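In full-length UniProt numbering, the protein residues as written are 1 to 890.
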Amino acid sequence: MEQFKGQSRLPKFAVPKRYDIRLKPDLISCKFAGSVNIDLDIVADTRFVVLNAADLSIRSGSVSFKSKDSSKVFQPSKIEIFEEDDLLVLEFSETLPIGLGVLAIEFEGILNDKMKGFYRSTYEHNGEKKNMAVTQFEPADARRCFPCWDEPACKAMFKITLDVPVELVALSNMPVIEEKVDGLLKTVSYQESPIMSTYLVAIVVGLFDYVEDHTSDGVKVRVYCQVGKANEGKFALHVAVKTLKLYEEYFAVPYPLPKLDMIAIPDFAAGAMENYGLVTYREVALLYDDQHSAAANKQRVAIVVAHELAHQWFGNLVTMEWWTHLWLNEGFATWVSYLATDNLFPEWKIWTQFLDESTEGLRLDGLEESHPIEVEVNHAREIDEIFDSISYRKGAAVIRMLQSYLGAECFQRSLASYIKRHAYSNAKTEDLWAALEEGSGEPVNKLMNSWTKQKGYPVVSVKVKDQNLEFEQSQFLSSGSHGNGQWIVPITVCFGSYDVLKNFLLETKSETLDIKEFLGSSVAKDKLSGSGSGCICDRNNGISTWIKLNVDQAGFYRVKYDEVLAARLRYAIENKYLSATDRFGILDDSFALCMARQQSLASLLTLMGAYREELEYTVLSHLITISYKIARIAADAVPELLDFIKQFFISLFQNSVERLGWQPKAGESHLDAMLRGEVLTALAVFGHDLTLVEAIRRFHAFLEDRNTPLLPPDIRKAAYVAVMQKVSVSNRWGYDSLLRVYRESDLSQEKTRILSSLATCPDPNIILELHNFLLTSEVRSQDAYLGLAVSMEGRETAWTWLKDNWEHISNTWGSGPLITRFVSAVVSPFASFEKAKEVEEFFASRSKPSIARTLKQSIERVCINAKWVESVRGEKDLAEAVKELAHRKC
Ligand code: BES
Ligand code: ZN
Numbered sequence: 001m002e003q004f005k006g007q008s009r010l011p012k013f014a015v016p017k018r019y020d021i022r023l024k025p026d027l028i029s030c031k032f033a034g035s036v037n038i039d040l041d042i043v044a045d046t047r048f049v050v051l052n053a054a055d056l057s058i059r060s061g062s063v064s065f066k067s068k069d070s071s072k073v074f075q076p077s078k079i080e081i082f083e084e085d086d087l088l089v090l091e092f093s094e095t096l097p098i099g100l101g102v103l104a105i106e107f108e109g110i111l112n113d114k115m116k117g118f119y120r121s122t123y124e125h126n127g128e129k130k131n132m133a134v135t136q137f138e139p140a141d142a143r144r145c146f147p148c149w150d151e152p153a154c155k156a157m158f159k160i161t162l163d164v165p166v167e168l169v170a171l172s173n174m175p176v177i178e179e180k181v182d183g184l185l186k187t188v189s190y191q192e193s194p195i196m197s198t199y200l201v202a203i204v205v206g207l208f209d210y211v212e213d214h215t216s217d218g219v220k221v222r223v224y225c226q227v228g229k230a231n232e233g234k235f236a237l238h239v240a241v242k243t244l245k246l247y248e249e250y251f252a253v254p255y256p257l258p259k260l261d262m263i264a265i266p267d268f269a270a271g272a273m274e275n276y277g278l279v280t281y282r283e284v285a286l287l288y289d290d291q292h293s294a295a296a297n298k299q300r301v302a303i304v305v306a307h308e309l310a311h312q313w314f315g316n317l318v319t320m321e322w323w324t325h326l327w328l329n330e331g332f333a334t335w336v337s338y339l340a341t342d343n344l345f346p347e348w349k350i351w352t353q354f355l356d357e358s359t360e361g362l363r364l365d366g367l368e369e370s371h372p373i374e375v376e377v378n379h380a381r382e383i384d385e386i387f388d389s390i391s392y393r394k395g396a397a398v399i400r401m402l403q404s405y406l407g408a409e410c411f412q413r414s415l416a417s418y419i420k421r422h423a424y425s426n427a428k429t430e431d432l433w434a435a436l437e438e439g440s441g442e443p444v445n446k447l448m449n450s451w452t453k454q455k456g457y458p459v460v461s462v463k464v465k466d467q468n469l470e471f472e473q474s475q476f477l478s479s480g481s482h483g484n485g486q487w488i489v490p491i492t493v494c495f496g497s498y499d500v501l502k503n504f505l506l507e508t509k510s511e512t513l514d515i516k517e518f519l520g521s522s523v524a525k526d527k528l529s530g531s532g533s534g535c536i537c538d539r540n541n542g543i544s545t546w547i548k549l550n551v552d553q554a555g556f557y558r559v560k561y562d563e564v565l566a567a568r569l570r571y572a573i574e575n576k577y578l579s580a581t582d583r584f585g586i587l588d589d590s591f592a593l594c595m596a597r598q599q600s601l602a603s604l605l606t607l608m609g610a611y612r613e614e615l616e617y618t619v620l621s622h623l624i625t626i627s628y629k630i631a632r633i634a635a636d637a638v639p640e641l642l643d644f645i646k647q648f649f650i651s652l653f654q655n656s657v658e659r660l661g662w663q664p665k666a667g668e669s670h671l672d673a674m675l676r677g678e679v680l681t682a683l684a685v686f687g688h689d690l691t692l693v694e695a696i697r698r699f700h701a702f703l704e705d706r707n708t709p710l711l712p713p714d715i716r717k718a719a720y721v722a723v724m725q726k727v728s729v730s731n732r733w734g735y736d737s738l739l740r741v742y743r744e745s746d747l748s749q750e751k752t753r754i755l756s757s758l759a760t761c762p763d764p765n766i767i768l769e770l771h772n773f774l775l776t777s778e779v780r781s782q783d784a785y786l787g788l789a790v791s792m793e794g795r796e797t798a799w800t801w802l803k804d805n806w807e808h809i810s811n812t813w814g815s816g817p818l819i820t821r822f823v824s825a826v827v828s829p830f831a832s833f834e835k836a837k838e839v840e841e842f843f844a845s846r847s848k849p850s851i852a853r854t855l856k857q858s859i860e861r862v863c864i865n866a867k868w869v870e871s872v873r874g875e876k877d878l879a880e881a882v883k884e885l886a887h888r889k890c
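Laid out in structure tokens, this is it:
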């Protein structure tokens with residue numbers, strides 16, 4: 001038996017075809033009893049049946065074979081569990097016959113409180129605390145609910161039966177076919193599922209209300225939520241019905257199941273889970289309350305629903321062959337969720353907002369401790385950590401890059417044929433490339449291998465020389481070092497106008513492009529149209545117009561311009577010649593280059609000054625994010641300049657505040673509603689007096705009346721953050737008042753808004769109080785990490801607290817995906833080599849596979865910050881530049 005230990009994949013001498021599962025959860029004692037009959041195809045001689053099981057007590061097991069005239073039952077001579085590898089091995093004294101048999105196992109388990117496997121979540125009903133039973137199986141926790149071949153490629157059919165209390169709603173992937181009541185219990189049987197992977201099986205048992213609709217082809221769609229909150233499910237229902245239709249057309253395959261249920265679960269580790277036909281969500285990701293949810297919450301719901309529904313095809317119908325190809329699922333669902341959302345809500349300009357996703361991908365992939373999109377996975381415990389920005393965001397961004405290279409129409413056609421070809425089966429990355437290659441005639445496999453099989457991405461440096469553009473690629477690393485990766489980079493360049501465009505593949509390290517003809521045409525066009533193209537009349541450098549690479553930021557790379565080109569672009573930004581996506585890209589690249597010490601902070605700040613008249617939500621929002629990061633570095637590097645820097649940032653956002661004011665305007669856009677909240681929050685964080693005073697006035701009104709028009713949901717966070725800026729141990733009114741609001745609210749979005757606002761308090765004692773509060777039963781364990789993104793002043797306290805409570809934290813969150821948040825949130829804000837060393841030493845004896853990568857990445861970030869601080873300290877011209885910028889008015 002020992003031979004099965006330590007192997008990452010199950011041996012394949014028995015193949016499961018169909019599971020008949022019966023479960024009886026007891027919501028009072030939090031235990032469950034179960035039995036499973038698995039139709040097996042024994043394909044090779046064996047005395048062993050090896051499958052997965054974890055935290056289950058096995059009561060009995062046997063394999064039986066039936067033929068026309070006889071039947072034989074094999075009892076195992078030994079049943080053993082290898083806990084380390086989640087294996088259940090049944091050993092038989094004789095070889096099992098090749099052919100079809102039935103493996104029958106009886107077992108018992110515990111409804112755990114770890115938000116994985118078969119677990120309990122709690123809720124209140126009529127003032128009484130109750131349990132519900134929920135499953136979360138991805139990536140590898142179906143084995144905690146029933147013994148199974150728990151690998152994505154081991155697809156089978158599932159027939160589920162539940163024994164539950166009569167008064168409860170019991171849901172599974174498929175519709176109910178029969179309910180039999182027997183006293184206080186009912187036996188609910190569900191239709192057999194089509195062939196699917198174990199990680200997509202789902203069960204929910206509890207008290208719920210629902211709203212219902214159906215698609216034009218009769219698929220019944222329901223949103224289940226807490227009793228009394230059905231209205232909050234209406235928005236998600238609307239999105240779901242529309243999105244199903246859209247995907248049916250996009251993938252050219254109908255939704256594969258007869259029904260789709262979506263349900264809000266009060267305790268949920270991820271954001272949402274795409275279980276086939278029964279999608280589970282955190283409340284914040286599904287429910288929308290007209291009165292108390294913000295525009296940002298609404299957008300999130302749409303994106304999450306669109307993402308999970310995309311998986312019903314991409315993931316559920318066609319499933320990755322192994323976790324190495326997880327990115328196929330997640331990268332694709334992320335990308336296509338933007339496509340769907342854009343279709344439903346074009347006014348949200350969601351593709352511009354997509355840049356927030358790609359920049360997070362670039363940020364993580366700029367670390368030496370990043371990993372390739374296709375990553376080797378050996379052990380189940382390593383899987384959780386790859387649900388990261390590489391799989392999701394870089395994955396989505398390289399898909400966008402490819403789509404933009406191949407063209408939308410060809411891309412969609414090829415995808416539809418990929419889905420058809422691999423439906424009810426599994427696929428690898430190469431299979432997707434093959435379909436796209438066939439559909440386009442382009443060498444997709446070769447092009448994409450450079451993006452998915454190696455980590456990192458290039459920065460393309462571009463210089464003008466004698467009417468030529470010189471391009472050179474090298475690996476971008478935030479540490480400032482140069483890696484030796486090389487990519488096939490789809491380069492796009494435009495010259496002074498979006499109509500003068502050149503595309504080519506940069507396949508070598510460097511290349512030169514003769515640009516005479518492009519310059520000519522852009523100047524000519526300029527004269528013809530009479531409109532400005534940013535052409536400035538300084539012919540000395542051989543060019544007279546702006547040149548922008550990576551047009552529309554469609555490529556997953558950065559661009560470093562020489563000084564002449566950078567100055568032209570600044571001018572083009574000031575004069576509004578560039579699109580929002582390009583303005584975003586120039587800013588983002590410049591920030592990254594500054595952090596990597598390839599550009600001075602003074603020049604980054606000067607570039608930021610070109611955005612004083614910026615109106616676009618995504619660009620401004622990114623400007624705000626960057627200004628927070630700069631303020632943090634400046635606090636360590638040049639504290640004497642911090643006030644000037646803050647003053648400069650305040651002046652940057654002044655225009656927007658004046659335009660938007662505090663009070664929402666009738667009929668204003670969704671983006672303005674989101675922007676108002678973010679800009680006011682920024683002014684509060686940077687200590688703008690008028691903002692702080694007004695925020696506190698409005699907060700008072702809110703405390704008096706939770707429905708006051710003075711504090712609508714979109715500006716609540718700004719007011720909370722402002723209130724927290726003034727809180728200290730001797731002046732705790734704001735903190736106590738916010739805690740009261742937290743306790744009184746039963747809307748998750750409100751609670752999460754408060755937790756993240758509390759963390760911005762500059763008083764370390766309050767931060768300690770908050771952190772201890774996070775560990776109490778008043779904060780659901782799914783939400784605790786939200787209070788960890790602390791102010792600069794609080795980071796040392798947070799670190800000491802993390803060390804003091806590590807054992808408890810590790811026990812509570814250590815076996816799920818949330819533990820990494822604790823590490824990265826607390827460690828990454830530091831900016832000194834001493835601290836990096838201290839963190840390393842603390843974790844030397846405490847690291848484990850589930851946090852190993854995140855820990856290394858967080859420590860790398862601390863070192864990057866430390867180097868950045870040193871270089872900013874050494875910038876001679878910084879003080880002068882900062883003062884100049886701070887005093888310049890719009
Ligand atoms: N398949 C994931 C859920 C998941 C994440 C399971 C991690 C196991 C571990 C789901 O499709 C997903 O990606 N959810 C996202 C939301 C999405 C909109 C990016 C999430 O949970 O954040
Ligand atoms: Zn997903």
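The C-beta atom is built at its ideal place from N, Cα and C for all residues, glycine as well. Note that the structure is predicted; figures quoted are calculated from it, not measured.
Ignore the nearest five residues each way along the sequence and tell me which others in residue i's own chain have a CB closer than 6 Å to its CB.
i, result
"Asp552", "Thr581"
"Asp141", "Lys116 and Gly117"
"Lys229", "none"
"Thr341", "Ala302, Ile303, Ala306 and Ile350"
Could you tell me which residues DSSP puts in a beta bridge with residue i?
i, result
"Arg282", "Ile265"
"Glu124", "Lys129"
"Gln475", "Pro458 and Gly483"
"Asp39", "Arg18 and Val102"
"Leu317", "None, per the DSSP bridge assignment."
"Thr187", "Asp163 and Lys180"
"Asn426", "Thr319"
With a threshold of 8 Å (Cβ to nearest heavy atom), would residue i be considered close to the ligand ZN?
i, result
"Gly315", "yes"
"Glu357", "no"
"Thr243", "no"
"Ala844", "no"
"His325", "no"
"Asn37", "no"
"Thr280", "no"
"Thr854", "no"
"Glu616", "no"
What is the C-beta distance between residue i and residue j, in whole angstroms, given that I count them as a contact (C-beta under 8 Å)?
i, j, result
"Leu367", "Glu860", "5 Å"
"Arg222", "Asp182", "Between Asp182 and Arg222 the Cβ distance is about 26 Å, and since that is not below 8 Å, they are no contact."
"Val89", "Phe48", "6 Å"
"Thr512", "Leu501", "That belief does not hold up - the Cβ atoms of Thr512 and Leu501 are roughly 18 Å apart, past 8 Å."
Is it the case that the CB of residue i approaches a heavy atom of the ligand BES more closely than 8 Å?
i, result
"Phe118", "no"
"Asp261", "no"
"residue 896", "This structure cannot speak to residue 896, because the chain is shown only from 1 to 890."
For residue i, which residues from the same chain have a beta carbon less than 7 Å from its beta carbon, with the 5 sequence-adjacent residues on both sides left out?
i, result
"Asn540", "With a pLDDT of 44 at Asn540, under the threshold of 50, the modelled position of this residue cannot be trusted; read the value that follows with caution. If we look at Asn540 and ignore the five residues flanking it on each side, it has no Cβ neighbours."
"Ala610", "Arg570, Ile573 and Glu574"
"Val50", "Phe4, Leu10, Pro11, Leu87 and Val89"
"Cys537", "Only weak support is given to the placement of Cys537: the predicted model assigns it a pLDDT of 41, under 50, and the question is left unresolved by the model."
Might you give, ordered along the chain, the residues of its own chain that have their beta carbon closer than 8 Å to the beta carbon of residue i, omitting 5 neighbours on each side?
i, result
"Lys130", "Leu27, Thr122, Tyr123, Glu124, Gly206 and Leu207"
"Ser791", "Ala759, Thr760, Cys761, Pro762 and Ile767"
"Arg583", "Ile573, Tyr611, Glu614, Glu616 and Val619"
So, does the CB of residue i fall closer than 9 Å to a CB anywhere in chain B?
i, result
"Gly183", "Among the protein chains of the structure shown there is no chain B, as only one such chain exists."
Is residue i near the ligand GTP, in the sense that its beta carbon is under 8 Å from a heavy atom of that ligand?
i, result
"Phe387", "Inclusion of the ligand GTP in the displayed structure is not the case, the ligand content consisting of the ligand BES and the ligand ZN alone."
* Asked: Which full runs of the alpha helix (DSSP H) of 4+ residues lie inside the region 530-618, going along the chain?
  -> Whole alpha helix (DSSP H) segments, 4+ residues: 563-574, 580-595 and 601-609.
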